[in-house]
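Colleague: Per our numbering, the sequence shown starts with residue 605, numbered consecutively. Please read through the structure below; I'll follow up with questions.
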Amino acid sequence: MTYVVTDNCIGCKYTDCVEVCPVDCFYEGENFLAIHPDECIDCGVCEPECPADAIRPDTEPDMDKWVEFNRKYSELWPVIVSKKDPLPDAEARDGEEGKLESIFSEAPGEGG
């Protein structure tokens, strides 16, 4: 099992989860975080830390696409280990539908 970041993170990018991760398996995009599924140790401490409820176990239905999505971007983006401020519109975008198609950015974040 692994944990993955899902589309509700897009446009929010809360980073509470990265501070509690014992293995630093989070990677930062411009407006999304990804978990490297091969580095995640399945401890689950990140899941309750996400204000947007965007972190899910891969055992839930339809998570295969998110495992591969997280794998792809975690291999392209820099690691993030320190908490940062969420994106300016995070609160308003929490729960918004269709963010993957409308605002997701493949650009890397700063990491750190």
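We put the CB at the ideal spot given by N, CA and C, even for glycine.
Specify whether the region 681-689 and the region 626-643 touch according to this definition: at least 3 beta carbon pairs, one from each stretch, less than 8 Å apart.
Modeller: Output reads yes: the region 626-643 touches the region 681-689.
Colleague: In this structure, does DSSP put Pro661 in helix, strand or coil?
Modeller: It is a strand residue.
Colleague: Along the alpha helix (DSSP H) that carries Ala696, what are the first and last residues, could you check?
Modeller: Ala696 -> alpha helix (DSSP H) spans 694-697.
Colleague: So what does DSSP say about Leu637, is it helix, strand or coil?
Modeller: Correct three-state label for Leu637: strand.
Colleague: Within its chain, find whatever has a CB closer than 6 Å to the CB of Glu623; leave out the 5 residues flanking it on each side and keep chain order.
Modeller: Excluding positions up to five away in sequence, the list reads Lys687.
Colleague: Using only the alpha-carbon positions, how far apart do Arg697 and Val608 sit?
Modeller: If you take the alpha carbons of Arg697 and Val608, they lie about 19 Å apart.
Colleague: Alpha carbon to alpha carbon, how far is Pro690 from Ile614?
Modeller: Rounded to the nearest angstrom, the two C-alpha atoms are 11 Å apart.
Colleague: Counting along the chain, where does the alpha helix (DSSP H) carrying Phe673 start and finish?
Modeller: That run of the alpha helix (DSSP H) goes 668-678.
Colleague: Which one of Lys617, Ala694, Cys654 has the shortest CA to CA distance from Gly715?
Modeller: For Gly715, the nearest C-alpha among the options comes from Lys617.
Colleague: Measuring alpha carbon to alpha carbon, tell me which residue in Arg660, Val685, Lys676, Pro712 is nearest Val627.
Modeller: Nearest of Arg660, Val685, Lys676, Pro712 to Val627, Cα basis: Val685.
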